[in-house]
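So the sequence lines, in the order shown, correspond to chains A and B.
Letter by letter, the first sequence follows residues 1 to 231 in my numbering.
Letter by letter, the second sequence follows residues 232 to 573 in my numbering.
Virtual Cβ for every residue (Gly too), placed ideally from N, Cα, C.
These notes concern the structure reproduced below.
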Amino acid sequence: MTFLFFFIFAGFALAGAAGVVVLRNPFYCVLSLVVHLISLALLFLLLEAQFVAVAQIVVYAGAVMVLYVFVVAYVGGGDKPDQLWSASPRQKALAIGFGSLIFIELAIAILGTALSSLGTEGATLSATYGTPAEIGQLLLTDYLLAFELASMLLLVAAIGAVALAGRRGGIAEDEGNLSPRHGVVHTPSPAATGSMAEGVSGYGVTTPLPDPQLEGRELQQPARTAAEDDR
Amino acid sequence: MNLNVPFALVGYIEPWWMVIIKSVVFAFIGLQLVPVVLMMERKILGRFQNRYGPNRVGLYGVMTPIADIIKLLSKEPFRPKTAIGWLFELAPILSITAAFGALALVPYGPVVDIFGTATGLYGIDVSIGPLYVFAFGAISFYSVMLGGWASGSKYSFLGSMRAAAQLISYEVPQGMALIGVVITAQTLSLTGIVEAQQGMWYIVPQFFGFVVFMVASFAETNRPPFDLMEADAELTGGYNTEFGGSKFTLYFFAEYLNMIVVSGIATALFLGGWLLPFGIHPPNWVAPFIVIAKMLAFVTFFIWIRATLPRLRYDQLMSLGWKVLLPLATLNALITAIIVVA
Numbered sequence: 001m002t003f004l005f006f007f008i009f010a011g012f013a014l015a016g017a018a019g020v021v022v023l024r025n026p027f028y029c030v031l032s033l034v035v036h037l038i039s040l041a042l043l044f045l046l047l048e049a050q051f052v053a054v055a056q057i058v059v060y061a062g063a064v065m066v067l068y069v070f071v072v073a074y075v076g077g078g079d080k081p082d083q084l085w086s087a088s089p090r091q092k093a094l095a096i097g098f099g100s101l102i103f104i105e106l107a108i109a110i111l112g113t114a115l116s117s118l119g120t121e122g123a124t125l126s127a128t129y130g131t132p133a134e135i136g137q138l139l140l141t142d143y144l145l146a147f148e149l150a151s152m153l154l155l156v157a158a159i160g161a162v163a164l165a166g167r168r169g170g171i172a173e174d175e176g177n178l179s180p181r182h183g184v185v186h187t188p189s190p191a192a193t194g195s196m197a198e199g200v201s202g203y204g205v206t207t208p209l210p211d212p213q214l215e216g217r218e219l220q221q222p223a224r225t226a227a228e229d230d231r
Numbered sequence: 232m233n234l235n236v237p238f239a240l241v242g243y244i245e246p247w248w249m250v251i252i253k254s255v256v257f258a259f260i261g262l263q264l265v266p267v268v269l270m271m272e273r274k275i276l277g278r279f280q281n282r283y284g285p286n287r288v289g290l291y292g293v294m295t296p297i298a299d300i301i302k303l304l305s306k307e308p309f310r311p312k313t314a315i316g317w318l319f320e321l322a323p324i325l326s327i328t329a330a331f332g333a334l335a336l337v338p339y340g341p342v343v344d345i346f347g348t349a350t351g352l353y354g355i356d357v358s359i360g361p362l363y364v365f366a367f368g369a370i371s372f373y374s375v376m377l378g379g380w381a382s383g384s385k386y387s388f389l390g391s392m393r394a395a396a397q398l399i400s401y402e403v404p405q406g407m408a409l410i411g412v413v414i415t416a417q418t419l420s421l422t423g424i425v426e427a428q429q430g431m432w433y434i435v436p437q438f439f440g441f442v443v444f445m446v447a448s449f450a451e452t453n454r455p456p457f458d459l460m461e462a463d464a465e466l467t468g469g470y471n472t473e474f475g476g477s478k479f480t481l482y483f484f485a486e487y488l489n490m491i492v493v494s495g496i497a498t499a500l501f502l503g504g505w506l507l508p509f510g511i512h513p514p515n516w517v518a519p520f521i522v523i524a525k526m527l528a529f530v531t532f533f534i535w536i537r538a539t540l541p542r543l544r545y546d547q548l549m550s551l552g553w554k555v556l557l558p559l560a561t562l563n564a565l566i567t568a569i570i571v572v573a
């Protein structure tokens, strides 16, 4: 029965992983990544690693992928992805290089140890294997250093996010509706300051900033006066 | 005789046939509680608003939920032209699946003897405890999100987007609020947590944890005053606007089931599950009734709040979650840890 479940979930995991790469609609790509992550969690369950399995679902499917879905549903979702850039020959060469490196590494792992352990029964597990208590014990004794370093890394990331968000310091008086995406709706966000839409479209990075004198002036004019009236 | 499940050890003590009977019975209890809660909500809300509530179908209107369900199930299955077919079908099914999956964790009683077989009066007793519910919460998020997105309607989409932001904001304080309980009980298993409350229910020493957990639960189950994803004045109806008939029934049932599950979890974590105060030790067969009575008390509280408080504004909701509840929950966990260790 374990074999049956293993092949079902492994199939789903592979199909999900392939879907991420093959599908053209970014929303479906994200969904297949979710399928992949949940299948991995089920494979962890088969390995009696319940805590890891649940952490996988709660952290990856429940938090990280939620953010992905959020962004893609707002700004992506077209049938064809925008052709923002095409890879340069150098990037292609780098991609092939890294790809083959990973392939060689995996091949060594599979040929070296994984194949030889196929016929065996596997390690004998204690009754408490994979429980949160045991994992916590290990994390706070044997792997304390790695655990603390990882938490420091997360702390640095959190502080960095707060600092980056704080540096913008709100919206100045003269910064109006410069973002060309928003049309007539007055959204007080200056262009190229890292809004979600800009981040995804690559606006301000790969495309030159529009001259506000020339572009979209007729559209923005009434909205801006309306906002001034409010003040 | 243990059930040989290929999955991680979940501590089944029953033979396999008892596990199957148990799952059917607990699923049935959940399904039967939904109309009860539905009726309670209407009657209590009616009384709060100085009216009778529904009283036409059956004695005192008790058959109203049945009429409701028949009406919903006999409606024409309708689908907007812009909807994405298979996702539109899948989303409500995901929603009810996640709700039933989480229901399995609610403990109704200790291990008892049924026809000479030792049976635990709970769906499953996992060593990861409440984390199991959070995992299903993550899946139910996708049902809401996909429902809104696949409807091909702006209002549904806006509703599901609000839900997305709300769910990820409130999952964090909800989880943090439980850490105090887990530290005090020194176990994650829900039956273990209930047994650890023999001396005193955790609502007393973990009062702040309880308050944070309840507030976050209101947001997690999208109940008023946090029902922003269904704010009908702004969004016409939220993520389920385009769903009708049986698909809407699934969403509807899942929403009420989620409320029942949260009540059950809160009962086990803070109100001592099947334990009674003042040293009363009833026989074991009373245990499920005690748990269900406590769950319905929680449901009444949910309805009471709905009748009392107005809906929050969206930015208020977000700042409450991140700036008030999360620091409170963290502080609670920290102080509990210091007290337990010291």
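Out of the options, which has the shortest C-alpha to C-alpha gap to residue i?
i, options, result
"Tyr545/B", "Lys478/B, Gly390/B, Ala497/B, Ile414/B", "Gly390/B"
"Val492/B", "Asp458/B, Leu527/B, Ala408/B", "Leu527/B"
"Ile57/A", "Trp516/B, Arg287/B, Met271/B, Tyr373/B", "Tyr373/B"
"Phe27/A", "Leu154/A, Leu111/A, Tyr74/A", "Tyr74/A"
"Asp356/B", "Leu37/A, Gln50/A, Ala107/A", "Gln50/A"
"Tyr129/A", "Leu46/A, Gln91/A, Leu101/A", "Leu46/A"
"Phe331/B", "Leu556/B, Ser254/B, Gly423/B, Gln417/B", "Ser254/B"
"Gly475/B", "Leu377/B, Asn281/B, Glu320/B, Arg287/B", "Glu320/B"
"Ala538/B", "Gln405/B, Val256/B, Ile260/B, Gly277/B", "Gly277/B"
"Asn563/B", "Gly368/B, Gly406/B, Gly360/B", "Gly406/B"
"Leu421/B", "Leu459/B, Tyr401/B, Val443/B, Val342/B", "Val342/B"
"Ser32/A", "Leu4/A, Gly11/A, Lys92/A", "Gly11/A"
"Val64/A", "Phe257/B, Gly503/B, Arg273/B, Ala369/B", "Ala369/B"
"Leu14/A", "Leu94/A, Phe3/A, Ile38/A", "Ile38/A"
"Val288/B", "Arg282/B, Ala298/B, Phe279/B", "Ala298/B"
"Val69/A", "Gly166/A, Thr2/A, Asn25/A", "Asn25/A"
"Ala450/B", "Tyr433/B, Tyr401/B, Val268/B, Ile523/B", "Tyr401/B"
"Phe9/A", "Leu101/A, Ser86/A, Val54/A, Val35/A", "Val35/A"
"Thr295/B", "Gly504/B, Trp317/B, Met270/B", "Met270/B"
"Trp432/B", "Thr472/B, Val571/B, Phe501/B, Arg310/B", "Phe501/B"
"Ser387/B", "Arg310/B, Gly468/B, Ile536/B, Gln429/B", "Gly468/B"
According to DSSP, which residues form a beta bridge with residue i?
i, result
"Ile345/B", "Thr348/B"
"Pro266/B", "Paired residues: none, contrary to the question."
"Tyr353/B", "Pro338/B"
Got a sec: is the Cβ-Cβ distance from residue i to anything in chain E below 8 Å?
i, result
"Phe365/B", "The chain labelled as chain E is not found among the protein chains of the depicted structure, namely A and B."
Go ahead and pull the three-state DSSP assignment for residue i.
i, result
"Tyr433/B", "coil"
"Met294/B", "coil"
"Ser477/B", "helix"
"Ile370/B", "helix"
"Ala10/A", "helix"
"Ile135/A", "helix"
"Trp317/B", "helix"
"Asn563/B", "helix"
"Gly510/B", "coil"
"Arg181/A", "Annotation note: pLDDT 49 at Arg181/A (below 50); position unreliable, coordinate value reported separately. Arg181/A falls in the coil class under three-state DSSP."
"Lys92/A", "helix"
"Trp553/B", "helix"
"Ala226/A", "For Ala226/A, the predicted structure reports a pLDDT of 48, less than 50, and the residue's modelled location is therefore unreliable. A value from the coordinates is still provided. Three-state result, Ala226/A: helix."
"Val205/A", "Because Val205/A carries a pLDDT of 49, less than 50, the predicted location of this residue cannot be relied on, and the following value inherits that uncertainty. Reduced to three states, the DSSP call for Val205/A is coil."
"Lys274/B", "helix"
"Met460/B", "helix"
"Phe441/B", "helix"
"Glu307/B", "coil"
What in chain A is Cβ-close to residue i, meaning under 9 Å?
i, result
"Trp380/B", "Phe27, Val69, Ala73, Gly77"
"Ser358/B", "Gln50, Phe51, Thr128, Gly130, Thr131, Pro132, Ala133"
"Glu402/B", "Val58, Gly62, Ala63"
"Ala568/B", "None at all; the shortest Cβ gap to chain A is about 13 Å."
"Met376/B", "Val66, Val69, Phe70, Ala73"
Can you pull the chain B neighbours of residue i, defined as C-beta to C-beta under 7 Å?
i, result
"Val237/A", "Because chain A is modelled from 1 through 231, residue 237/A falls outside the range shown and cannot be assessed."
"Val54/A", "Ile359, Leu362, Tyr363, Ala366"
"Val66/A", "Phe372, Ala395, Ile399"
Name, please, each residue of chain A whose Cβ falls closer than 7 Å to the Cβ of residue i.
i, result
"Ala369/B", "Ile57, Val58, Ala61, Gly62"
"Leu419/B", "Pro132"
(request) Assess, as a yes-or-no matter, whether the region 295-307 of chain B is touched by the region 479-486 of chain B under the definition of 3 or more beta carbon pairs within less than 8 Å. (result) Verdict: yes, contact present.
(request) Tell me, please, whether the region 541-556 of chain B touches the region 392-407 of chain B by the rule of three or more beta-carbon pairs shorter than 8 Å. (result) At 8 Å Cβ cutoff, the stretches touch.
(request) Check whether the region 528-543 of chain B touches the region 381-388 of chain B, taking contact to mean three or more Cβ pairs, one atom from each stretch, closer than 8 Å. (result) By the C-beta criterion, the region 528-543 of chain B is judged not to be in contact with the region 381-388 of chain B, since fewer than 3 inter-stretch pairs fall below 8 Å.
(request) Check whether the region 359-366 of chain B touches the region 491-511 of chain B, taking contact to mean three or more Cβ pairs, one atom from each stretch, closer than 8 Å. (result) By the Cβ rule, the region 359-366 of chain B counts as touching the region 491-511 of chain B, because three or more pairs are nearer than 8 Å.
(message) Closer than 8 Å is the cut-off here; do at least three beta carbon pairs connect the region 452-459 of chain B with the region 503-522 of chain B?
(response) Counting C-beta pairs with one atom in each stretch, the region 452-459 of chain B and the region 503-522 of chain B have fewer than three that are closer than 8 Å, which means they do not touch.
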